[in-house]
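Asker: Sharing a structure here in structure tokens format.
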Amino acid sequence: MNQPASTPQSPTPPTPRPDGPPRKSSGGWLVLILVTLVMFGLFIGTIVMLGWVYKDKMIASVVNMSLHAALTELPLPEQQKKDIIHQTDRLYEAFLDKRIAAQELGDVVEKLIQGPALMVGTVYYAANHQIDISDRTDEQKRDARIQVGRMTEAGIAKKFPPDELEPIVDILKAQVDPDKPQSEQQSPLKEKLTADELDALLVICKQLADNAKIPETDEPYAFDPSEHVRKVVDEILGPEEIDETTNLPQ
Numbered sequence: 013m014n015q016p017a018s019t020p021q022s023p024t025p026p027t028p029r030p031d032g033p034p035r036k037s038s039g040g041w042l043v044l045i046l047v048t049l050v051m052f053g054l055f056i057g058t059i060v061m062l063g064w065v066y067k068d069k070m071i072a073s074v075v076n077m078s079l080h081a082a083l084t085e086l087p088l089p090e091q092q093k094k095d096i097i098h099q100t101d102r103l104y105e106a107f108l109d110k111r112i113a114a115q116e117l118g119d120v121v122e123k124l125i126q127g128p129a130l131m132v133g134t135v136y137y138a139a140n141h142q143i144d145i146s147d148r149t150d151e152q153k154r155d156a157r158i159q160v161g162r163m164t165e166a167g168i169a170k171k172f173p174p175d176e177l178e179p180i181v182d183i184l185k186a187q188v189d190p191d192k193p194q195s196e197q198q199s200p201l202k203e204k205l206t207a208d209e210l211d212a213l214l215v216i217c218k219q220l221a222d223n224a225k226i227p228e229t230d231e232p233y234a235f236d237p238s239e240h241v242r243k244v245v246d247e248i249l250g251p252e253e254i255d256e257t258t259n260l261p262q
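If you read the sequence shown in the numbering used here, its first letter stands for residue 13, the second for the next number, and so on.
So this is what it looks like as structure tokens:
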């Protein structure tokens, strides 16, 4: 990496974190994903409460629309966002129609939180973001994404326990300043990994994938969180019937 030349003659030392207009955090999109997943759980809990206490479909509808707005802001492909919204609508309608009970909604939340997609998906997005902003060539970035994709594919298939991702998380996460109030803390992720840190991350990804015997591919694996949400909802409601002419849910 080329570092800017130091200027000893300057009487003013460089400030590592200058004050000024707040910068958009490189980890903001990750926080948004995590917050939205939490909101998904809160949405279900709120619908349960409304169903028990108020039995008011109009209020529940407002909650559902608020969730739609949050999901729309996710940094995901448009079709994936639409698919996730569709699955939340299925749960919303099934609960209001009394086709599923509160306990079953709780099962959905538990499976979404405890399943591999939350942790593996978070690492997938964070690692790929670091690859995107790195100084590697396009070919090197592609090769790096392939290794991250192989790790993700292995993780989604539960080929390794979640705690084996901890070394990657340790590389990605920022150091917490114990002297700063929580409200002033920076992004939970490092703004940009060093070349050595990114190399170490990719070595771990490759090792996890190799141990899981995930084959090398020509193109990176594309993680789709909407598919995970669909599978969990299908376990509760059953698979949707697909119109063969339109290839859309009936």
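In this text, a Cβ means the ideal position worked out from N, Cα and C, and glycines have one as well.
Give me, in chain order, the residues of the same chain whose beta-carbon lies closer than 7 Å to that of residue 128; leave out the 5 immediate sequence neighbours on both sides.
Answerer: So the list reads 167, 168, 170 and 174, once near-sequence residues are dropped.
Asker: From the DSSP output, in three-state form, read off residue 218 for me.
Answerer: Residue 218: helix per DSSP, three-state reduction.
Asker: List, from N- to C-terminal side, the alpha helix (DSSP H) runs of 4 residues or more that fit wholly inside the region 155-212.
Answerer: Here the runs fully enclosed are 178-184.
Asker: Do residue 156 and residue 214 have their CB atoms nearer than 7 Å?
Answerer: Yes, Cβ-Cβ distance for residue 156 and residue 214 is below 7 Å.
Asker: Can you tell me which of the three DSSP states residue 116 falls into?
Answerer: Residue 116 falls in the helix class under three-state DSSP.
Asker: Output the distance between the C-alpha atoms of residue 208 and residue 113, rounded to the nearest integer angstrom.
Answerer: C-alpha separation (whole angstroms): 51 Å.
Asker: Do you know offhand how far residue 251's Cα is from residue 159's?
Answerer: Straight-line Cα distance between these residues: approximately 32 Å.
Asker: Would you call residue 247 buried or exposed, if buried means 16 or more other Cβ atoms sit within 10 Å of its Cβ?
Answerer: Result: exposed.
Asker: Would the beta-carbon of residue 126 fall within 7 Å of that of residue 238?
Answerer: Their beta carbons are not under 7 Å apart, which means residue 126 does not touch residue 238 by this criterion.
Asker: Where do the ends of the alpha helix (DSSP H) carrying residue 88 lie?
Answerer: That residue, residue 88, is in no alpha helix (DSSP H); it is neither H nor E in DSSP.
Asker: Do residue 249 and residue 106 count as a contact pair if the criterion is CB distance below 7 Å?
Answerer: Cβ atoms of residue 106 and residue 249: closer than 7 Å.
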